[in-house]
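Working notes for the structure below.
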Amino acid sequence: MATLSRIRYFTALKFEKPLYALAAGDVTENGHDEIIVGAEDGVVRVYKYERGGFKEIWSSTKHWQWIDQIILADVDQDYFDEILVIIGRQLIIYKYEEPIFKKVWEYEAKARITSVAVADSNNNKKKEILIGCYDGSLTVFAQKYEELYNFKPVWKRKLEGEVLVSVADVDADTLNEIVVANKNKVRVYRVIEKYPKKESWIHQFPNYIKKLLTFDLNNDKKAEIFLAMDDHILRIFSHKDGNYFSEDNQYGFQDVIAALSPGKIQDKNLIIIGSFDETLQGYRSDAKLFQIDLHEKCFSAAIADIDSDGKPEIICGGNNLYIFKEEVILTVQMDYPISLLSEDELTISYYIRNNLQNRVYNIDFSSLEWTPAVLILTGPRPKIPLIESYGRMEIALNFQPTEVQKVTPITFPRYKIHFEMNNLQFSQFIPELKIYLLPRFSHIARYFLSRCERLKGTNVPLNSLAHLMEKELGNIDYEIERIVTQLLEQKYIMGSLENRILYIRDVGTIPEEEKIVTPSKAIEPVQKPLSPDLLINALKKTVEKKKRNSLSELAKQFNVDKQKIENALKKLKSNFEITGFLIPNEEFIYMTLREIDSLATKVNETPYMSLQELEEQYGLSEQEIEYLLNDLMNVGKLHGEIRRKEGIARFITIKTLSETILTMLKKNGKLVISTYSRKSNVSIPKVREAIRSLLDSTLLDGHYTYNGALFYTEERLERDLLEFLQASETASIGLVSITNQFQMSKEVITLILNNLVSKGVISGYISENTFFKKSYEEEKLRDLFNKYIDALNIIHILVIHQESGVTVFSESYISDRIDPTLVSGMLHAITSFGSEMAGVELAGLRLLEYKDYIITMSDGELIRAALILKSAPSQRLFENLKHFVRFFDSHYRLHLEDFKGSIDPFKSASALVDEYFEISLNFPYEVQEKEVFKNRDRLSANELAVITQARGIGRQFLLKNLLESISKELLISQPEAFLIIYDLKDKKIFQVIKEERKWCPHCGSIIPKTATTCPHCLKNIEDTIL
42 MATLSRIRYF TALKFEKPLY ALAAGDVTEN GHDEIIVGAE DGVVRVYKYE
92 RGGFKEIWSS TKHWQWIDQI ILADVDQDYF DEILVIIGRQ LIIYKYEEPI
142 FKKVWEYEAK ARITSVAVAD SNNNKKKEIL IGCYDGSLTV FAQKYEELYN
192 FKPVWKRKLE GEVLVSVADV DADTLNEIVV ANKNKVRVYR VIEKYPKKES
242 WIHQFPNYIK KLLTFDLNND KKAEIFLAMD DHILRIFSHK DGNYFSEDNQ
292 YGFQDVIAAL SPGKIQDKNL IIIGSFDETL QGYRSDAKLF QIDLHEKCFS
342 AAIADIDSDG KPEIICGGNN LYIFKEEVIL TVQMDYPISL LSEDELTISY
392 YIRNNLQNRV YNIDFSSLEW TPAVLILTGP RPKIPLIESY GRMEIALNFQ
442 PTEVQKVTPI TFPRYKIHFE MNNLQFSQFI PELKIYLLPR FSHIARYFLS
492 RCERLKGTNV PLNSLAHLME KELGNIDYEI ERIVTQLLEQ KYIMGSLENR
542 ILYIRDVGTI PEEEKIVTPS KAIEPVQKPL SPDLLINALK KTVEKKKRNS
592 LSELAKQFNV DKQKIENALK KLKSNFEITG FLIPNEEFIY MTLREIDSLA
642 TKVNETPYMS LQELEEQYGL SEQEIEYLLN DLMNVGKLHG EIRRKEGIAR
692 FITIKTLSET ILTMLKKNGK LVISTYSRKS NVSIPKVREA IRSLLDSTLL
742 DGHYTYNGAL FYTEERLERD LLEFLQASET ASIGLVSITN QFQMSKEVIT
792 LILNNLVSKG VISGYISENT FFKKSYEEEK LRDLFNKYID ALNIIHILVI
842 HQESGVTVFS ESYISDRIDP TLVSGMLHAI TSFGSEMAGV ELAGLRLLEY
892 KDYIITMSDG ELIRAALILK SAPSQRLFEN LKHFVRFFDS HYRLHLEDFK
942 GSIDPFKSAS ALVDEYFEIS LNFPYEVQEK EVFKNRDRLS ANELAVITQA
992 RGIGRQFLLK NLLESISKEL LISQPEAFLI IYDLKDKKIF QVIKEERKWC
1042 PHCGSIIPKT ATTCPHCLKN IEDTIL
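Sequence positions in the sequence shown follow the numbering used here and run 42 to 1067.
Listed below in structure tokens is the structure:
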């Protein structure tokens, strides 16, 4: 079946800020695909499409910077995907635990994470997490002790530059390989029993690799390797034989390739490519399928069936989220025989259906230029004037075969039909098909009978019989049963056929008067053009016999046009079957491999090689030498440029040019490319190539400005940037201001700032596109401690149904319980009718003072939520409350819209409260001794001291009591003490006790279930008496 695709705009979701991270798939385990996005504000959001619009079903708390990447993968192998979020140096894994996504694993690398893959990389039926970083590190994490999300490093590699990683079966051996790209190199690691020390294949490019993807695009069970280069070219490599990979194809773009995403459309594999050239393009293995002009940069892309109609949508992240759908105009089905005898007529039937409401006009098959030589088209090429909306039409093409003496495969290549709709022209590909043409039946019968004569009285399997005939007739295994049946029916063979075994009792003869006529074309003395394969073999033998080969003479010799000769020679060269160089439209000059290697070595070793010297040595003209040198540069044997000065042509190697540029850069730290090119009489591309060779050799580290006009060494850029920061009197500087000042990309400025911070030259961190002059560790510590302060500040939460004013959820976190009915009535009256009480409204949140409490409220579509606090809320608490309300509205929508007074459906909201406010930090904890024993070798001295303190408090303890104790004991600040406690909580050594809580009204301590009096107060009384 063939279909024509039109991609149409479907819907959009407005963000008005770059969406760098995007993924789509079923993450809520409900059988429907969701969209997961991450934007500059540092929040991960999950959307589902329903009732013609998008609905946010979950959003994370705000992270400290923008979201770099989002990946979906089944990490725990439970057949459902988890969400992997990459934020700078952090990798966070979220798993859906209804009604929220829970953080189940977190990892912080030493440098920015550039790539993550989840796959069975060592072929042990278990999945690992592979992480590549900006500092050249590659680490593989595996689960230890069969525990979920207890990942430990099992393999590490140290490379250079930004590391990209992917895992796939690239050679169809049913085992996965690890594909790694860094700087301008790509390599493949084969893992059989253990991780290898060395790659099995490596390839180097003149340009850097910016994106890596492995995906079986052509469905041959071998994943292709897709490499997006910094010269805006997408290169596609595939495995050929052994450890050999070669380039299959490449596609050029006008700007940076930002997104590579695999998927399926019409059950065929597809890759979509998003670029800063404001296009989104789709490719199959055989052709480009579509191009969408976005009119804004594309940062991310995905394919998923978000509206559950059985057809995938194309999702693009620019400054907003755009969704496109495939629109199929025509469906074309073909009916044809797999094989036929020479005396039969071939009929190919086409069944064409119009899938749209619009009429389709003038479906034209006139471009049938592909008719094979052994077939004659009988009748006109059809043209369908009209197919009504949703109509169907059947047409047929008839062919008369000429006679052949052996089985001949006939290939009908794919071709286009053209048609009109709405006064617009469209075209559609009809797919390739293959038919086998057999000799005449009498011709086949004579061979059969001659072979069967010697097999009388025996049982012969049909496949063995077909093998006997293969030399004279070709492969007829797929037709032999039909032929034998016909011979039995016509009594040329006497016997029986059962279960594809022929019993031959006797053999007859074909009457002599039935002649086998040889086709006239087969015996005509006129020379026919050779098939492409025969032409290439014959051309190879001819070219190797002499040095100079005129293309015109070769074309005349082989009875083909000159362009076919030129194409065949290019193919021979690309396959390394002949060596030499081609002068287009003129001649091919053959040289041995030894001659070419000798010339390349001589030129590379001579800084300023005279072309005249090469002319004399190799007997070539100056023009021919230029063609040869350019050819060697194209294949990477030479790197340099031909320059003329005072009438003498010389070849200047990039090595010589690089040494000159390196000296200048060491002295000045920066280079104006155009000025140096003009003064040195070297082209700008060659100057860039020389700089690239210095970067590759690690003799130089540096970066270009936006437009590539200026190159800075990293040392000079660090020095200038440091001076700029020190000159600034503000505590924070926007990255946009820095990038405008230095004309550098945000990624480069971020890298340099991180370098300065890691070297201790300056203190600071990056968040929300701003550089703050404080250390990242200090800020992270402060942010973590603020979570705890916010949790302690909350003493009660209320969720009120907007329409009825009924409290659907209420929970208190102190011993002095508040009557929720009284408070909800008061809040409803205040927000509905006004009040004399002191209050203020800020960003959609209301702040009220009530007695000694602060009440903050946020309204959603269906609910109003209120937090009763001890003191004024932080900005972080404000933001979390808004996210909580939005998610509560979404998750409980059905119950809220149909609210009849029952609050049972809302009892599960406790988990939701803890997700957004980490209210469990208020709850009692206990030490899990089993976890202490399991982690005993990995616990620090401070952690062991904290565990000892916790044991001393009692079996159950509150974090605030433990915090005060260890802060004094270890002589550290409370934020530092809380970091140790929080780490122990993450390691599951401190676990919350999920039971009814009872506090002492005097000291705030927990009263055990079995006790009637607070043991701490009782002890104080005893001490006083004594």
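Don't be surprised by glycine CBs; every beta carbon is placed ideally from N, CA and C.
Minimum C-alpha distance to Lys-89 - residue among Phe-692, Ala-53, Arg-400
Ala-53
Shortest alpha-carbon distance to Leu-538 belongs to which of Thr-550, Val-525, Asp-547, Gly-549?
Val-525
Identify the residues that DSSP records as bridge partners of Tyr-190: which are they?
BP columns for Tyr-190 are empty, so no partner.
Cβ of Ser-912 within 7 angstroms of any chain B Cβ
Absent from the structure is chain B; it holds one protein chain and no more.
Do you know offhand how far Ile-347's Cα is from Asp-296's?
29 angstroms
Own chain residues within Cβ distance below 8 angstroms of Gly-359, not counting five before or after:
Pro-59, Leu-60, Leu-335, Glu-337, Lys-338, Cys-339, Phe-340
What is the DSSP secondary structure of Phe-256, counted as helix, strand or coil?
strand
In angstroms with no decimal places, state the Cα-to-Cα distance between Phe-56 and Trp-196.
40 angstroms
State yes or no: is the C-beta of Val-78 within less than 7 angstroms of the C-beta of Ser-100?
No. Outside cutoff.
Given 8 angstroms, three or more beta-carbon pairs between the stretch 238 to 250 and the stretch 160 to 175:
no
Unbroken stretches of the beta strand (DSSP E), 3 residues or longer, contained in the stretch 976 to 1035:
1031 to 1033
Among Val-777, Lys-199, Leu-371, which one has its Cα closest to the Cα of Ser-430?
Leu-371
Helix, strand or coil for Phe-278 per DSSP?
If DSSP states are grouped into helix, strand and coil, Phe-278 belongs with the strands.
So does the stretch 921 to 931 actually touch the stretch 902 to 909, counting three or more Cβ pairs closer than 8 angstroms?
yes
Among all the DSSP beta bridges, which residues are the ones paired with Lys-424?
According to DSSP, which records beta bridges pairwise, Lys-424 is partnered with Asp-405.
Does the pairing of the stretch 211 to 223 with the stretch 259 to 277 give three or more beta-carbon distances under 8 angstroms?
yes
Distance check for Phe-453 and Ala-486, CA to CA, integer angstroms please.
28 angstroms
Around the Cβ of Asn-834, are there at least 16 other Cβ atoms within 10 angstroms (buried) or fewer (exposed)?
buried
For the stretch 208 to 240, list the beta strand (DSSP E) runs that are entirely contained and at least 3 residues long, ordered along the chain.
218 to 223, 226 to 231
Taking the alpha-carbon of Lys-151 as reference, which of Ile-128, Asp-289, Ala-160 has the nearest alpha-carbon?
Ile-128
Inter-residue spacing [alpha-carbon to alpha-carbon] between Arg-49 and Glu-354:
10 angstroms
Assuming Asp-122 contacts Asp-67 under a Cβ cut-off of 8 angstroms, what Cβ separation, rounded to an integer in Å, is found between them?
7 angstroms
Where does Phe-974 land, buried or exposed, given buried means 16+ other C-beta within 10 angstroms?
Its Cβ having fewer than 16 others within 10 Å, Phe-974 is exposed.
With three or more C-beta pairs closer than 8 angstroms as the rule, is the stretch 942 to 961 touching the stretch 973 to 992?
no
Closest by CA to Glu-920, which one among Pro-1016, His-104, Gly-660?
His-104
In this structure, how does DSSP classify Ala-414 when only helix, strand and coil are distinguished?
coil
Ile-417: buried (16+ other C-beta within 10 angstroms of its C-beta) or exposed?
Ile-417 is exposed by the Cβ-count criterion.
So what does DSSP say about Glu-756, is it helix, strand or coil?
helix
Along the alpha helix (DSSP H) that carries Thr-791, what are the first and last residues, could you check?
787 to 799
When DSSP builds the beta bridges, which residues end up paired with Met-1078?
Because the chain spans 42 through 1067 in this model, residue 1078 falls outside it and cannot be assessed.
What are the start and end residues of the alpha helix (DSSP H) that includes Thr-69?
No alpha helix (DSSP H) holds Thr-69; DSSP gives it neither H nor E.
In DSSP terms, what Val-840 is bridged to:
Phe-850, Ala-906
Give me whichever residues DSSP pairs with Asp-737 in a beta bridge.
Partner(s): none; Asp-737 has no beta bridge.
Could you tell me if Gly-805 is buried or exposed, where buried requires 16 or more neighbouring beta carbons within 10 angstroms of its beta carbon?
buried
Compare the Cα-Cα distances from Ile-637 to each of Ile-624, Glu-967, Leu-670, Ile-76 and report the closest residue.
Leu-670
Could you have a look at Ser-156 and say whether DSSP puts it in helix, strand or coil?
strand
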